[in-house]
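Trainee:
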Amino acid sequence: MHGLSYVVLSEQPDEGVGSLFFELAGGLRLSMLMKLADKNYRLSQLASELDATMQEAHRNMTRLLESGLISKGADGDLVLSSYGRMIMTLVPSYRFLYDNREYFSEHGVGDLPLKFIQRIGSLQRSEVVHGVMAILQRWKTLYAGSEKYIREIMAQVPLDLIETVSERVQVGVKFSYIFSSNTVVPKGRTQILQKVGWRNLVSQGLVERRMLDNVSIMTIFNEKQGCVLFPNLKGEPDLNTMFYSEDKEFLDWCQDFFSYQWQKAGPFDEDKLKHET
């Protein structure tokens, strides 16, 4: 017998978590689940909004019913099951990583604890900002627009923005920051801190600061907006690309990560900082 022979295998896993991923892999099925995560639908409404035929919608609805991801309500509406709703809370993490797969092929998450990786979908509603100058401008806008507080974890000191921060602190905005002990501070920082009376702001409790041995993931946020920067594959902070958002879930992630690092951090020690020569 000439040529090649093939064994045709079923593309659909019969059991295990692979069967769940198969259901989520269907474009129309996933779209239906995402719609149902917001509200209940009649099948005809769902088909219309997703520009699908009734035949397509019915076939995929049947699969979702059989998988236990959706069910029918008493009035006949389609609803996410409790199981389906829990599954859909995990989808944003996959989507965020997929949408930024090129970025994460060149960046890591450093020593980010698992509980924050599992919540990384909270960063989904964000804008990717490219370029050091564009990033510094966003930081300046964030600082200047702060009304209650500024919190940050930094591995590099933006010298040009110290005065912007101090202006906000002097009108009552509380500034809390964490530095890495190997942070390199630029020339002129000491003079600027003296000029704005930084020591007095610290002694008054308007500025509080702590120090970690190492910082790989940076974040700056206030009550309205925030940003996150991940390290390159060497674990070094990268100021060329950042995620920026005004979304509440994004800001909650930043706040929880900051609180986690704040609890780990030790006293601030100016002598540990490395000064440019």
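The end of the sequence shown is residue 1726 by this note's numbering, with every number in the run present. Idealized CB from N, CA, C, for every residue including glycine. Computed from a predicted structure; not experimentally measured.
#1: Buried or exposed: where does Gly1675 fall if 16 or more other Cβ atoms within 10 Å of its Cβ makes it buried?
#2: Does the segment 1680-1687 come into contact with the segment 1649-1660, if we say contact requires no fewer than three beta-carbon pairs (one atom in each stretch) closer than 8 Å?
#3: Count the other C-beta atoms from every protein chain shown that fall within 10 angstroms of the C-beta of Phe1470, then say buried if there are 16 or more, exposed otherwise.
#4: Out of Met1481, Phe1706 and Gly1476, which has the shortest C-alpha to C-alpha gap to Pro1562?
#5: Could you pull out every residue in the same chain whose Cβ sits closer than 7 Å to the Cβ of Val1614, ignoring the five residues on either side in sequence?
#6: Any idea if Ser1694 is buried or exposed, counting beta-carbon neighbours within 10 angstroms, 16 or more meaning buried?
#7: The alpha helix (DSSP H) with Ser1516 in it runs from where to where?
#8: Quick check on Ser1708: does DSSP put it in helix, strand or coil?
#9: Report, in whole angstroms, the separation of the C-beta atoms of Val1645 and Glu1612, which I expect to be a contact under 8 Å.
#10: Which residues in the same chain as Val1581 place their Cβ atom closer than 8 Å to its Cβ, once the five residues preceding and following it in sequence are excluded?
#11: Quick test of your reading: Met1481 and Asn1509, contact by CB under 8 Å. State the CB separation rounded to the nearest angstrom.
#12: Quick one: grab the DSSP three-state call for Gln1605.
#13: Could you say which of Asn1649, Ile1602, Ile1627 and Pro1680 lies nearest to Val1618 if we only look at CA atoms?
#14: DSSP puts Leu1527 in a beta bridge; with which residues?
Mentor: Taking the geometry as given:
#1: buried
#2: no
#3: Exposed: under 16 other Cβ atoms inside 10 Å.
#4: Checked all of Met1481, Phe1706 and Gly1476; the closest Cα to Pro1562 is Phe1706.
#5: Tyr1592, Ile1599 and Phe1624
#6: buried
#7: Met1503 to Ser1516
#8: In the structure shown, Ser1708 sits in a helix (DSSP, three-state: H, G or I).
#9: 6 Å
#10: Contacts found: Leu1688 and Asn1689.
#11: Indeed, because the Cβ distance is near 6 Å, the residues count as touching under 8 Å.
#12: strand
#13: Nearest of Asn1649, Ile1602, Ile1627 and Pro1680 to Val1618, Cα basis: Asn1649.
#14: Tyr1490 and Lys1521
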